[in-house]
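In the numbering used here, the protein residues as written are 107 to 190.
All C-beta atoms in this analysis are idealised placements derived from N, C-alpha and C, irrespective of residue type, glycine included.
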Amino acid sequence: MNTLFLIKGVFSIYTILLFIRIALSWFPSLYKYEVTKVIIAVTDPYMNIFRKVIPPIGGFLDLSPMLALFSLRFIESFILSIFR
């Protein structure tokens with residue numbers, strides 16, 4: 107039971123970080139802060155996978171976060187099913 111709790115916790119924290127990263131994209135002036143740099147460093151490698159699949163539309167509308175979040179939930183469900 108502790109393993110399931112740990113897996114859910116890790117995925118929940120990473121999901122929150124992704125939502126924060128998405129929100130930060132609307133406020134580029136916050137990029138100068140160290141905590142912002144850490145969030146970007148942790149989330150961008152994962153997000154870049156999906157940016158290669160779905161490039162920004164018109165150069166500014168980035169739909170890759172939706173695919174990234176959907177995929178993260180799918181991966182979490184798959185891993186949890188293995189441990190159940």
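Run through DSSP, which three-state label would residue i get?
i: Ile119; result: helix
i: Leu175; result: helix
i: Phe133; result: coil
i: Tyr139; result: coil
i: Arg190; result: coil
Suppose the cutoff is 7 angstroms on Cβ atoms and the five residues either side in sequence are ignored; what does the same chain contact list for residue i look like?
i: Leu123; result: Ile145, Val148, Thr149
i: Leu110; result: Leu186, Phe189
In whole angstroms, what separates the C-alpha of residue i from that of residue j?
i: Val116; j: Phe125; result: 14 angstroms
i: Thr142; j: Gly165; result: 23 angstroms
i: Pro162; j: Met153; result: 12 angstroms
Across which residues does DSSP place residue i in a beta bridge pair?
i: Leu167; result: Ile163
Q) Any contact of the segment 142-149 with the segment 121-130, i.e. 3+ C-beta pairs under 8 angstroms? A) They touch, by the three-pair rule.
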